[in-house]
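As they're listed, the protein sequences go chains A, B and C.
The letter at position 55 of the first sequence is residue 55 when you use this note's numbering, and the numbering goes up by one with no holes.
The letter at position 231 of the second sequence is residue 231 when you use this note's numbering, and the numbering goes up by one with no holes.
The letter at position 98 of the third sequence is residue 98 when you use this note's numbering, and the numbering goes up by one with no holes.
All C-beta atoms, glycine included, are put in the ideal place defined by N, C-alpha and C.
Below: one structure, written as C-alpha cells.
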Amino acid sequence: MPLLKDGRLVEDKWQRLEEHEVVPTEGAVIIDLERWQVERENLKGRAAPLGLLLMPGQSPEEIADDLSQFDLIALAFPAFKDGRAYSYARILRERLGFTGELRAVGEVLQDQLFFMARVGFDAFEVNERTSEGDFAAEMAKFPAVYQPSSCGENTVFARRHGARLVEAAE
Amino acid sequence: MYRYDEFDQSLVDARVTEFRGQVARRLAGDITEDEFKPLRLMNGLYLQLHAYMLRVAIPYGTFNSRQMHMLAEIARKYDKGYGHFTTRQNIQYNWLKLDDVPDLLADLASVEMHAIQTSGNCIRNTTSDQYAGAAADEIEDPRPTCEIIRQWSTFHPEFSFLPRKFKIAVTGAPKDRAAVQIHDIGIQIVENNKGEVGYSIFVGGGLGRTPMVGKHIRAFLPRQDLLAYLEAIMRVYNMLGRRDNIYKARIKILVHEASAAEFTRLVEEEFEKIDQTKLMALPEEELDRIAAYFAAPEFETLGPCPAEHLEALDRDRDFALWVKANVVPHKVPGYAIANISLKPIGGVPGDITSDQMDGVAELAKDYSFDEIRATHEQNLVLPHVRERDLYAIWQRLKALELATANIGLVSDIIACPGLDYCNLANARSIPVAQLISERFAELDRQHDIGELKIKISGCINACGHHHVGHIGILGVDRKGEEYYQITLGGSADENTRLGDITGPSFPYDKVVDAVETLVTTYVDLRQSGETFLQTYARVGLAPFKENLYAAA
Amino acid sequence: MSKPHRKAKGPQVLTANRLVDGDVVYWRDETTWVANLSDAKVFEDEDALAKAEADAQAQVKADKILDPYAFGVDLTGGRITPGSMREHIRALGPSVRLDLGKQAEAA
Ligand code: HEM
Ligand code: SF4
C-alpha cells in the first residue's frame, strides 16, 4: 500500500505485525489491541517506536491511559462506509491530545481524504490510483468549512465575525 | 429568507465542481459503481426504474420565486417538464441522465440551491413547519435554528459515514406540523419558566420496517448548547449504532436496544466532555446574523376583514369552499396563509408541471413577499398573503389548475412514488391515491367527512408515512401480486401514534372499497363534532375491523 | 415485487439499466443491449442464460450497464409479456403517465 504522509508519497518505515509474528526489539512496528492487552507489560517502554492498530469497535478511550506508549495510532476502515474511525480520530486529537502520527488504513478512498484530514489524520495508506496531485486537489476541494474540528481551520462562523471585527476596526 | 454569503456560495459551487469530477471519473471508468454509488447518493442521485432520479433539497421548505422558476426551468431542460414534491420538503426529478447532472447542479447553485445530503448515510435536509414565521401559535420562528443545523451538518467530516441516514426536524410551535416525533432527532422550541427560549429534544423516532415514536431525552436545552448537544447525540450514534444489519442501523434501534435512559446517559456524558472544550458554543453574533435573515416581512397594518373579501365568500361558493379548506389564520391581522393543494382529484400527489411552478412563483412574487413553502404533506404554501387578495389568488390558481379545495380532507392523500417509479417498491401507490380521490371527489361529502389523512407507501420503507396515517395503506407483494395492508389511527402531530393493522391485506381492486367501508363506519359511529381520529380513539379497532372483513 | 431474488422458471429475459442515462435495456447479444423488450433475446435454456449473465457482469466491469438480472416472461400469442407488474412498468413507463417512457416513444 502506498503511504501518503503530509501530502507526499513516502516510504513506509513501519511494519504491521501479523498475529503469529514476535515483536522484534528493533524497528518500528504496529501491533493490534489484542496483542497490547496481552503483552502490555513486556512492551511498555519499548525503545524502538511502537504503533497501535485500532479496529472499529475499539474506541481510543479504552487505551487513554496508555496513549503515551505509542508513536503512531492506525485507525482501520475495513469498509469505507464504516465511519466510526472519524469519531475515534477526533477523540484522539481533541480529547486525549494525541500528537503522534494518526494513520488511516483499510479502504481509504480518494474522496474521503478531505474529511479524514479534517478530523485529524495525517497519514493515509491509499490505493495505487491515488497520486500526490490527487491528494493536493482533495485538500483544496472546499474553500471553507462550517464545523470546528481537529485540523484547527477557521470555521465559516468564526471567519464571518472575524471579518466583521476587522471591518469594524478599520 | 436566508441568503448565501460568499462562504455558503463557495461551498456549494465547490461541491458542483467536485461532483463534476466524480461523474467524469465514473464515465471514464476510473472508479467503479461500488465506489461511485455513495458519492452520487451524497448528491441526491438515485438510479430508479426508468432513469436517474435527483432529489433537490428545499432546506426547511422555504424558497422564493427565483428558485421556483429555476426548478421549473430544470424540469424543462433536463427532465420531462414536471417535478414531484416529497414528504421531506424536497423535490424530485425522475428522468435524468447521469452526464447532465453536473450542469443541472450548477444551475441550482446559481439560485442558492443544491442536492447535498439528500441521500446517503449522512445528516439529511432538515425539515420544519411549513407555516414558520406565519403561524399564530408559534413561540419562535424555527428557521434560524434549521439554518444553523443546515450549515453545521453540511459536509460534516465526522458524520458523513453514519450507520444509516439521519433526519432532523424542528418545530417552533406547540402544534406540531413537522412530525418531529418520527424523526431521528426531533427538536421542539420551548420556553422555560424563566421566559428563556430553548429546545426540547426527542431522539429515535422513525418509520420504515420498525416504526418508532421518538423518546423525549431532554426537556430544556439552552440555545447556545444546541450544536454541542447534537454533536454528542451524533457521536454516540456514530460509534455505537449497529452496522451489522442495515435494517437495524437507524438510531431508533440503538435507543431501543440500549433503553432510552441509558442512551440519554451516554449522550449527557458525551455532551459534558464536548462542552468542556467550548468549541461548539454558538457565537451570539452568528445567531443574530442568521436570525436577521428571517425577520418578518414588512406587514401592513390592515383593518378587520375587508368587505370585498366577505362579499366574494358570499357570492362564490367554490371560493368559499377553497377558503374553508385551504386558508388558515395568520399571526398578523388582515393576512392569511394560503395552501396550494398538489392533490387534484385523480391526479398524482405531489406532482407539478413547469408551467404551474412558474405560476406559483409569480403568485408568490405578487402576493406573498416572494415566499413559497413546501409541506411534508406534498403541498405548497403562500405564507403571507393579504385576505383581500385571496380572491384574485384563487382565480389565478384556478387558471393554473391548482385550486383544489381539499387540504386535510380525504382526497389530500400522501403517496410515495411506488412501483410506477421506485426500484424498491412492492406495489403501486399513486393509482391507489388516484382511485380514492376519485371515489370521494364530491367536495360536500369531503367536508362532511372532515379531517382525514390517508397515507400510502409502496413498500415497508414507509416514504409515504403510512404508519402515521389516520388511514395508512402499505403495498405488499403477495406471490407477485399487488396487495395492500391497512392501518388505522396513526397520527404524526404532537400526539404521535402508530396505526394499528386491521388484518389481512386487500388486492389492488378492493382497496378503494375498503377505504369507503372505513369512512362509512366512521360516519355511522361518530358523535357530533368528532373527527375520524377522535371516533377511532373512542371506539377502537373492533367495529372498523368487523365491517371491513364482514363481506369476506 | 422489487427485483426477483430467486431464479424464475421458464423463458427469461436479461435486463439492466444503462450507466450513462439509466435507461432500461435488454440483452440481445454479446455486443447489443436494446431498448425495447420486443427486441430482447428470450432464454429458454439455463446454460445460455448463465453465459449471458456472465457476459453482462463483464459489461458492468466495463462500465456500460448497471445491475443486470433476469426475469420471467410469458410468450403466449407470440409476444414477450413481462411476468410481473414491475417489469411491465419498466418496459412501458409509469402506469400513471401513459405519455411518458417507452410507451410514449412507441406511440
Ligand atoms: C423514489 C426513490 C426513493 C427511494 C429509493 C427511497 C428509499 C427509502 C428507504 C430505503 C427508506 C427506509 C430507510 C430506513 O428506514 O432506514 C426510506 C424512508 C423514507 N423515505 Fe424514501 N425513498 C424514495 C423516495 C421517497 C419519496 C418520494 C419520499 C417522499 C414522498 C420519501 C420519504 C421518505 C421518508 C419520509 C422516509 C421515512 C423515514 C424514516 O424511516 O424515518 N422517500 N426511503
Ligand atoms: S416507500 Fe418504498 S416504494 Fe415508496 S418510495 Fe419509498 S422505497 Fe419506494
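Whether residue i touches residue j by CB criterion (9 Å)
i, j, result
"residue 182(B)", "residue 206(B)", "yes"
"residue 342(B)", "residue 447(B)", "no"
"residue 337(B)", "residue 376(B)", "no"
"residue 170(B)", "residue 149(B)", "yes"
"residue 249(B)", "residue 241(B)", "yes"
"residue 485(B)", "residue 471(B)", "no"
"residue 116(B)", "residue 15(B)", "yes"
"residue 47(B)", "residue 85(C)", "no"
"residue 511(B)", "residue 490(B)", "no"
"residue 41(C)", "residue 66(C)", "no"
"residue 60(A)", "residue 54(A)", "yes"
"residue 294(B)", "residue 144(B)", "yes"
"residue 428(B)", "residue 96(C)", "yes"
"residue 297(B)", "residue 388(B)", "no"
"residue 126(C)", "residue 98(B)", "The structure shown does not extend to residue 126(C), since chain C is modelled only from 1 to 107, so the question has no answer here."
"residue 132(A)", "residue 113(A)", "no"
"residue 39(C)", "residue 28(C)", "yes"
"residue 366(B)", "residue 72(B)", "no"
"residue 82(A)", "residue 35(B)", "no"
"residue 371(B)", "residue 63(B)", "yes"
"residue 51(B)", "residue 96(B)", "yes"
"residue 146(A)", "residue 156(B)", "yes"
"residue 172(B)", "residue 129(B)", "yes"
Boundaries of the beta strand (DSSP E) in which residue i is found, first to last residue
i, result
"residue 142(B)", "Where residue 142(B) is concerned, there is no enclosing beta strand (DSSP E), given that its DSSP letter is neither H nor E."
"residue 67(C)", "65–74"
"residue 449(B)", "Note, residue 449(B): premise wrong, no beta strand (DSSP E); alpha helix (DSSP H) at 443–449."
"residue 559(B)", "Since the first and last residues shown for chain B are 1 and 552, residue 559(B) lies out of range."
"residue 25(C)", "24–29"
"residue 372(B)", "371–374"
DSSP beta-bridge partners of residue i
i, result
"residue 457(B)", "474(B)"
"residue 155(A)", "145(A)"
"residue 317(B)", "The partner list for residue 317(B) (beta bridge, DSSP) is empty, contrary to what the question assumes."
"residue 339(B)", "381(B)"
"residue 15(A)", "29(A)"
"residue 191(B)", "197(B)"
"residue 344(B)", "Residue 344(B) pairs with nothing; no bridge assigned."
"residue 5(A)", "8(A), 123(A)"
"residue 386(B)", "335(B)"
"residue 507(B)", "483(B)"
"residue 17(C)", "24(C), 66(C)"
"residue 102(A)", "73(A)"
"residue 60(B)", "Answer by DSSP bridge pairing: none, since residue 60(B) is not bridged."
Enclosing alpha helix (DSSP H) for residue i [first to last residue]
i, result
"residue 69(B)", "65–78"
"residue 283(B)", "No alpha helix (DSSP H) contains residue 283(B), which DSSP labels as neither H nor E."
"residue 550(B)", "542–550"
"residue 251(B)", "251–258"
"residue 101(B)", "101–109"
"residue 209(B)", "Run containing residue 209(B): none; DSSP gives neither H nor E here."
"residue 94(B)", "Where residue 94(B) is concerned, there is no enclosing alpha helix (DSSP H), although the beta strand (DSSP E) it sits in stretches over 90–96."
"residue 438(B)", "430–439"
"residue 536(B)", "532–539"
Short CB-CB distance (under 9 Å) between residue i and chain F
i, result
"residue 114(B)", "Protein chains A, B and C are contained in the structure displayed, whereas chain F is not."
Within 9 Å of chain C by C-beta, residues of the segment 11–30 of chain B in sequence order: Taking 9 Å as the Cβ-Cβ cut-off against chain C, the residues of the segment 11–30 of chain B that qualify are 26, 27, 28, 29.
Interfacial residues, the segment 321–353 of chain B to chain C, with Cβ spacing under 8 Å: When C-beta distances to chain C are compared with 8 Å, the residues of the segment 321–353 of chain B below that value are 348, in chain order.
Residues of the segment 80–106 of chain C with Cβ closer than 8 Å to any Cβ of chain B, in chain order: The segment 80–106 of chain C vs chain B, Cβ under 8 Å: 83, 84, 85, 86, 89, 90, 93, 94, 95, 96, 97, 100, 101.
The segment 65–79 of chain C: positions lying closer than 7 Å to chain B by Cβ: For the segment 65–79 of chain C, the set of residues with a beta-carbon nearer than 7 Å to any beta-carbon of chain B comprises 66, in chain order.
Residues of the segment 142–154 of chain B with Cβ closer than 7 Å to any Cβ of chain A, in chain order: Sequence-ordered contacts of the segment 142–154 of chain B with chain A read 151, 152, 154 [C-beta pairs closer than 7 Å].
Against chain C: residues of the segment 84–110 of chain B by CB proximity under 9 Å: Hits within the stretch, in order: 94, 95, 96, 97, 98, 99, 100.
Within 7 Å of chain C by C-beta, residues of the segment 473–500 of chain B in sequence order: So the list reads 477, 480, 482, given in the order they occur along the chain.
Contact list for the segment 41–71 of chain B against chain C, Cβ threshold 8 Å: Contact annotation: in the segment 41–71 of chain B, residues whose CB is within less than 8 Å of a CB in chain C are 47, 48, 49, 50, 51, 52.
Members of the segment 59–83 of chain A near chain B, C-beta cut-off 8 Å: Of all residues in the segment 59–83 of chain A, 59, 80, 81, 82, 83 have a Cβ within less than 8 Å of some Cβ in chain B.
Contacting positions in the segment 22–42 of chain C - beta carbon closer than 9 Å to chain B: Listed by position, the residues of the segment 22–42 of chain C near chain B (Cβ gap below 9 Å) are 22, 23, 24.
Interfacial residues, the segment 426–457 of chain B to chain C, with Cβ spacing under 8 Å: So the list reads 426, 427, 428, 430, 431, 434, given in the order they occur along the chain.
Interface positions of the segment 125–153 of chain A facing chain B (Cβ-Cβ less than 8 Å), listed along the chain: Cβ contacts with chain B come from 129, 141, 142, 143, 144, 145, 146, 147, 148, 149.
Interface residues of the segment 158–184 of chain B facing chain A [CB-CB below 9 Å]: Legend: CB atoms of the segment 158–184 of chain B lying less than 9 Å from CB atoms of chain A belong to residues 158, 159, 160, 161, 162, 163.
Near-chain B residues of the segment 42–57 of chain C (beta-carbon distance less than 8 Å), N- to C-terminal order: For the segment 42–57 of chain C, which is checked against every Cβ of chain B, not one residue is closer than 8 Å.
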